[in-house]
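Accompanying notes for the structure given below.
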Amino acid sequence: MSVAALSIRLARFDELDDPGSRGFDHAGQGRDTLLLVRRNGEVFAYLDACPHYGNTPMAWRKDAYLNGDGTRIVCHAHGAQFDIATGECLVGPCMGQRLMRLDTTVSEDGDVSVFVPLAFASRRGGSEGEGEDEDET
Ligand code: FES
C-alpha cells in the first residue's frame with residue numbers, strides 16, 4: 001500500500017552543519033513542525049513531535065534539537081534522547097517509542113527534500129527555499 005506524499009524541498013545539503021539540526025515550518029503553522037539532522041554526511045528528517053506527550057515540539061530554541069556533542073536528538077521538555085538514524089527513544093520517558101521519520105532525497109544539485117504524508121502537509125505556507133511536487137510513495 002502506498003501513501004500519498006508531497007516532496008518538499010527544505011534546504012541545501014551544504015548549508016547544514018555536520019553535526020547539526022534545523023527546524024522548518026513547512027505547513028505555515030507559526031512553529032517548526034519538521035526537522036532535519038545532518039550527521040556523518042547523512043541527512044535525516046523527522047516530524048517535530050515527541051511521542052512522549054501530545055506530539056510536543058522538541059527544540060529548546062530555534063534549530064536546537066541535538067545534545068551537546070551532536071550524537072542524539074533531544075526533546076527538551078523532559079529530556080528524552082533519540083537515535084539520529086532511527087528516531088528510537090534510547091533514554092527518557094518514552095523508551096522504545098519512535099519519532100516519525102520522513103524519507104529524504106538529496107539531488108545532484110544538493111537540494112534536500114523530504115516526503116511529507118498528505119495528512120501532515122495540508123496547511124502549507126511558503127517560506128524561503130521550499131518547493132513541492134506531489135508524489136506517490
Ligand atoms: S514531551 Fe518529549 S520527553 Fe516529554
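The opening position of the sequence shown corresponds to residue 1 in full-length UniProt numbering, with each subsequent residue numbered one higher.
C-beta atoms are modelled at their ideal positions from N, C-alpha and C, and glycine is treated no differently.
Do you know whose CA, among the options, lies nearest residue i's CA?
| i | options | result |
| --- | --- | --- |
| Glu15 | Asp69, Thr56, Arg38, Asn67 | Arg38 |
| His78 | Asp32, Cys89, Ala85 | Cys89 |
| Ala121 | Ala11, His26, Asp17 | His26 |
Express the C-alpha separation of residue j and residue i in angstroms, rounding to a whole number.
| i | j | result |
| --- | --- | --- |
| Met100 | Ala49 | 8 Å |
| Pro19 | Ala4 | 31 Å |
| Phe13 | Pro51 | 27 Å |
| Val91 | Thr71 | 13 Å |
| Val56 | Glu42 | With the sequence shown as reference, residue 56 is identified as Thr, and Val is not the correct amino acid for it. One C-alpha to the other measures close to 25 Å. |
| Asp135 | Ile8 | Here the model assigns Asp135 a pLDDT of 46, short of 50, so the residue's position is not dependable and the matter cannot be decided. |
Please state whether the Cβ-Cβ distance between residue i and residue j is less than 8 Å.
| i | j | result |
| --- | --- | --- |
| Phe44 | Asp32 | no |
| Tyr65 | Ser107 | no |
| Val112 | Leu34 | no |
- prompt: In chain order, which continuous runs of the beta strand (DSSP E) of length 3 or greater are located wholly inside the UniProt domain "Rieske" (8 to 114)?
  reply: 20 to 24, 34 to 39, 42 to 47, 72 to 74, 81 to 83, 89 to 91, 104 to 106
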